[in-house]
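Comments concern the structure below.
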């Protein structure tokens, strides 16, 4: 890995050049047809992050007639060591993932609608910066990476004039969270955070509380059975395994200061380290706390406390 690929988090986020997005749309009546979406009205999308979660969300995007996935990106070429809900597939120790898995999934899906039965239009990239430079015609990015890359990629994309949808959280660093929000406001681009579960029950409960059905609410307690990964360890990994073939460790680190590779950092366990994730709160807290926030109509928090635990293993 050459030195040119290394990034400094704060400098990178400040330095990305801002560009404007200009395009024209041909009305549906010109290129579309009954029940069809005109090519000019489809959103050209790049999917960044082809691990278990990113690949799980990919089929839903591919099935949308108003979306065209043109590129995928991941620093991992392909491997079967991803951890998800359930057992590994095809007898493998883990779940298969990586950019080549994503590329094949896109090509195979779109190939089903081609007379030839094949499609070779999806590009695969290791470096999201290269994707943003070369795929200038994309309209938006869909970011499902480890937490420490969310804001870095979203800000870079918005400064290229691309809309951004990001998996939760916005970032594991408060500075980056504020920068991403400010960039969205400044550019006026469409953004979305996969952080909430909308339900009519939320508004029913809120109405009950407003009507005094349970009296004055003084405390709200939320409990869940996570984390399922080790977190809060006071010790860094001491083993020194080789970097897996096809996995660009420097690109995976992104703006985080360099450290030796260890599988204890990657895939599903990255959330247990401050540099890469925000622990269980940033993972599952988004879902539950979002509903609490909506029900109670709360503002921004004034204080927060946390304590670490290291009481589980990934098996």
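Numbering (this note's numbering), first residue to last: 7 to 321.
Glycine included, each C-beta is placed from N, C-alpha and C at the ideal position.
Quick caveat: nothing in here was measured; it's all calculated off a predicted structure.
The stretch 280-292 and the stretch 220-236 touch, with no fewer than 3 CB-CB distances between them shorter than 8 Å. Residue pairing of residue 50 in beta bridges, as defined by DSSP: 74.
By the neighbour-count criterion, in which 16 or more other beta carbons inside 10 Å mark a residue as buried, residue 237 falls on the buried side.
Residue 195 counts as buried, since no fewer than 16 other beta carbons sit within 10 angstroms of its beta carbon. In the structure shown, residue 133 falls within a coil segment according to DSSP collapsed to helix, strand and coil. The C-beta of residue 82 has 16 or more other C-beta atoms within 10 Å across all chains shown, which makes the residue buried.
One thing to note: residue 52 has its Cβ no nearer than 8 Å to the Cβ of residue 161. With a cutoff of 8 Å on beta-carbon distance, residue 57 and residue 178 are scored as not near each other. Here residue 128 is buried, its C-beta having at least 16 other C-beta atoms within 10 Å. Fully contained in the stretch 184-260 are the following alpha helix (DSSP H) runs of length 4 or more, in chain order: 206-216, 255-259. Between residue 104 and residue 80 the beta-carbon gap is near 6 Å, inside 8 Å, which marks them as a contact.
Membership of residue 116 in the alpha helix (DSSP H) is indicated by the continuous run 105-117.
As DSSP reads the structure, residue 173 sits in a beta bridge with 200.
Here the alpha carbons of residue 297 and residue 220 stand approximately 18 Å from one another. For the pair residue 271 and residue 249, the CB atoms are not nearer than the 8 Å cut-off.
Taking residue 149 as reference, the option from 243, 64, 46, 247 with the minimal CA-CA separation is 64. One thing to note: residue 101 has its Cβ no nearer than 8 Å to the Cβ of residue 116.
Note on residue 310: under 16 other CB atoms within 10 angstroms of its CB, so exposed under the neighbour-count rule. Spatial neighbours of residue 301 in its own chain (CB-CB distance under 7 Å, excluding positions within 5 residues in sequence) are listed in chain order as 208, 211, 212, 215. Between residue 286 and residue 233, the C-beta spacing is below 8 Å.
DSSP, read as helix, strand or coil, puts residue 313 in coil.
Membership of residue 146 in the beta strand (DSSP E) is indicated by the continuous run 146-149.
A distance below 7 Å between beta-carbons, with the five flanking residues on each side excluded, links residue 164 to the following residues of its chain, in chain order: 170, 189, 190, 193, 195.
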